[in-house]
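Everything on this sheet refers to the single structure shown next.
There are 2 protein chains.
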Amino acid sequence: MSEENKKEEKGKKFTELRQDLVTGDWVVIAANRARRPEEFIVHDDCEVDVSDDAQKKCFFCYPEETGQEKDVLIYTDAKNDWTLRVFPNKYPAFTRGDEISHQEEGPYFMMEGVGYHELVVTRDHKKSIALLDKEAVAEVLDAYQDRYIDLMNKKSVNYIEIFHNHKKSAGASIPHPHSQLVAIPVISPYIKSELDGAEEYHKMNRHCAYCAVAEWERENGKRVVFENDKFIAFCPFASRAAFEIWIMPKKHNPYFERMSTEDKLEAAEALQVSLAKIYESLGNPAYNFYLHTAPCDGKDYPHFHWHIEILPRTALWAGFELSTGIEISTIEPEAAAEFLRNAKV
Amino acid sequence: MSEENKKEEKGKKFTELRQDLVTGDWVVIAANRARRPEEFIVHDDCEVDVSDDAQKKCFFCYPEETGQEKDVLIYTDAKNDWTLRVFPNKYPAFTRGDEISHQEEGPYFMMEGVGYHELVVTRDHKKSIALLDKEAVAEVLDAYQDRYIDLMNKKSVNYIEIFHNHKKSAGASIPHPHSQLVAIPVISPYIKSELDGAEEYHKMNRHCAYCAVAEWERENGKRVVFENDKFIAFCPFASRAAFEIWIMPKKHNPYFERMSTEDKLEAAEALQVSLAKIYESLGNPAYNFYLHTAPCDGKDYPHFHWHIEILPRTALWAGFELSTGIEISTIEPEAAAEFLRNAKV
């Protein structure tokens, strides 16, 4: 082999198939198609209209004037001015109600889509979570927890999904920053897959799968983005999206609703810093984040471990992903983590 | 209750949770947010550049001039001019090779992404499958089958995914119509879920789940889009996307590669008519379609049933879908099917 060929061989990057430790799902890290982190920076920031004109008509700046339903939760500051409110969604994906009615059609099975669909709204029209201070983010987590606890024992509710869409291309139809809470009668396939995987891992290893991940990431360090006393933020080994980040409590806890007030401040810090690093280093891209916690269906899930997943919108699902459920990522999670770790916020 | 209220009550549409018969996954049919079929029509058709200038630089119109790799399959007409060619992808998501090498990192597991990634290219730059005649579409299915049979017994290949991205927003980076074939060492989570569900259904009912679906849809009729002697095209009961269509052989057959030449012409007709109905009635929207067939990992899958799924790009996955895997559709599959059934092609 000539020197030149050897060099080429050494520099040749192979595609990798990486397996998620919990679900067993695969992702492709297409290192041969890889881009440098800088190539992911978003240069088009015109999609969110934060002009004063837009704000004048904003549903969430002026909820009474624009006919929002009565809020189900309101937080106020020392001057008695509101800082955060939770509204029932005027166009809910699930209809309010407690009666689950099953129906059949031939071989098929269906039920009425009863549940709750609420919007968690912070006051400032122009400040996404990345730009809030730690205390304001802790207030958001407070609201998530308050509403979770209020809804978790309702008859029709077996799982509560809390998520946040940032920018239009991530599905945010209203530019004013807001999160959504959807309380539903079924346990979603993704949560089911995590629950089953965590159970299986525990049976084999007598140890929580997520604890094993958090411990390895801390020890190993190369995928860590941020860490404080109680939480670790890292790019997962089998990242599905470029610059994906998971935020996990270091101490085992299946249930988000049991997070202490002290822990909440640290969770808020980890979430805010992670989003700020994405915002600053990638030019404010669209993203989704969501919370995965044990179901509230009356059963115990001692081997689950609640966490937050942040998915920047850096890629498009095409035929391969839609058909297989295997995502192709064009940056190594280690390179993404290094880039985010070094980002100044 | 006043007359007015009664009317309102009667007209009130509830959200439905519908379950996929095979996988057990749920979808939400948000009838309360429903739109009329006409509201889904795409009015912006500027995204595909089919100008003569673009064609001059086209990789697939001029494969030799633009440095494509040597084709692995070529079909020609009576004048010996090519009509269809299959090229290895210059930028494969999987690296060619037969050796599967496993690696570990701490608690994690990975393997080298070996496999095959090929592009099936029809001649006409400006004619998508919807615009081809039945015989030309049958030639495309022929090429799928030829390449499938050639790769299915390779050492590194356990599953072969065949898919087609139409338009840029569905992931087609090259405007010239082409399908992709990806032969991989792992069985994808989506196929696994269908295999497990079909197996379970057979155990309970001593009948193929997909046969049960095809029989019910034919009998019931309201979700049928098109039918010929051998194939049925219908909007599935638990559609994940608006105007989703499944194409299924009426006769039980787990293995796409065993479809007869006679059946292939009818499959081609069902695929072409379905795509033409989407093209004509919805203003040429972006879509993906893909083929699900039994794995080629040396095992038998007698209870699977091969089929094609077409997913028009009518919605955006946001936080809820990404987090739960439950999709929210804003048109009833029955209304979508009626609209497509009536579309003239």
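Taken in sequence, the protein lines are chains X and A. So the first sequence is numbered by the working numbering: it starts at 560 and just counts up by one. So the second sequence is numbered by the working numbering: it starts at 560 and just counts up by one. Glycine included, every Cβ here is placed at the ideal spot set by N, Cα and C. These figures come from a predicted structure and were not determined experimentally.
{"Asked": "Closest by C-alpha distance to Lys858/X, when choosing among Gln627/X, Tyr718/X and Ile659/X", "Found": "Tyr718/X"}
{"Asked": "Beta-carbon separation (whole angstroms), Ala697/A vs Lys823/A, contact threshold 8 Å", "Found": "5 Å"}
{"Asked": "Under 7 Å (Cβ pairs) to chain A, residues found in the region 717 to 732 of chain X", "Found": "Glu720, Phe722, His723, Asn724, Ala729 and Gly730"}
{"Asked": "Chain X residues whose Cβ lies nearer than 9 Å to that of Pro748/A", "Found": "Thr582, Gly583, Asp584, Trp585, Ser752, Thr883, Gly884 and Ile885"}
{"Asked": "Contacting residues, own chain, Cβ-Cβ under 6 Å from Tyr707/A (five flanking each side not counted)", "Found": "Ile719 and Glu816"}
{"Asked": "Sequence-distant residues of the same chain with beta carbon closer than 6 Å to Ala853/A, five excluded per side", "Found": "Pro813, Tyr814, Tyr860 and Phe863"}
{"Asked": "Selection of the region 765 to 787 of chain X by Cβ proximity to chain A, strictly under 9 Å", "Found": "Ala768, Ala771, Val772, Glu774, Trp775, Glu776, Glu778 and Asn779"}
{"Asked": "Residue from Arg900/A, Tyr769/A, Phe619/A and Gln831/A whose Cα sits closest to the Cα of His851/A", "Found": "Tyr769/A"}
{"Asked": "Cβ pair Lys781/A, Glu893/A closer than 8 Å", "Found": "yes"}
{"Asked": "Through-space distance from Phe793/X to Pro622/X, alpha-carbon basis", "Found": "37 Å"}
{"Asked": "Spatial neighbours of Thr642/A in its chain, beta-carbon cut-off 6 Å, leaving aside the 5 residues before and after", "Found": "Tyr634, Asp636 and Arg682"}
{"Asked": "Where the beta strand (DSSP E) through Tyr634/X begins and ends", "Found": "Leu632 to Thr635"}
{"Asked": "Boundaries of the beta strand (DSSP E) in which Pro808/A is found, first to last residue", "Found": "Ile804 to Pro808"}
{"Asked": "Any chain A beta carbon closer than 8 Å to Val741/X", "Found": "yes"}
{"Asked": "Whole-angstrom distance between Phe796/A and Ile746/X, CA atom to CA atom", "Found": "20 Å"}
{"Asked": "Terminal residues of the alpha helix (DSSP H) in which Trp876/A lies", "Found": "No alpha helix (DSSP H) holds Trp876/A; DSSP gives it neither H nor E."}
{"Asked": "Gln704/A (DSSP reduced to helix, strand or coil)", "Found": "helix"}
{"Asked": "DSSP three-state assignment for Tyr849/A, whether helix, strand or coil", "Found": "strand"}
{"Asked": "C-beta neighbour in chain X for Gln831/A, strict 8 Å", "Found": "no"}
{"Asked": "Closer than 8 Å to chain X by CB, Val745/A", "Found": "yes"}
{"Asked": "With 16 other Cβ atoms within 10 Å as the buried cut-off, status of Asn764/X", "Found": "exposed"}
{"Asked": "Beta-carbon gap between Asn639/A and Asn724/A smaller than 8 Å", "Found": "no"}
{"Asked": "Listed by chain order, chain A residues near Glu575/X by CB distance under 9 Å", "Found": "Gln662, Met669, Met670, Glu671 and Gly672"}
{"Asked": "Min CB distance Trp876/X to chain A below 8 Å", "Found": "yes"}
{"Asked": "Other residues of its chain near Ser840/X: CB distance less than 7 Å, five sequence neighbours each side excluded", "Found": "Phe898, Leu899 and Ala902"}
{"Asked": "Gly665/X: contacting residues in chain A (beta-carbon distance under 7 Å)", "Found": "Trp775 and Asn779"}
{"Asked": "From Ala895/A, Val904/A and Ser888/A, residue whose alpha carbon lies closest to that of Ala652/X", "Found": "Ser888/A"}
{"Asked": "Three-state secondary structure (DSSP) of Gln662/A", "Found": "strand"}
{"Asked": "Distance between Gly665/A and Ala731/X (C-alpha atoms, nearest Å)", "Found": "38 Å"}
{"Asked": "Contact set for Ile721/A: own chain, Cβ-Cβ below 6 Å, skip 5 residues either direction", "Found": "Tyr703, Leu740 and Leu850"}
{"Asked": "Proximal residues of chain X, C-beta to C-beta of Asn847/A below 8 Å", "Found": "Ala877, Gly878, Leu881 and Ser882"}
{"Asked": "Start-to-end residues for the beta strand (DSSP E) that takes in Phe793/X", "Found": "Phe790 to Phe793"}
{"Asked": "Selection of the region 632 to 655 of chain A by Cβ proximity to chain X, strictly under 8 Å", "Found": "Tyr650, Pro651, Ala652, Phe653 and Thr654"}
{"Asked": "Within chain A, the residues that Arg592/X reaches when beta carbons sit closer than 9 Å", "Found": "Tyr650, Pro651 and Ala652"}
{"Asked": "Cβ pair Trp805/A, Glu868/A closer than 8 Å", "Found": "yes"}
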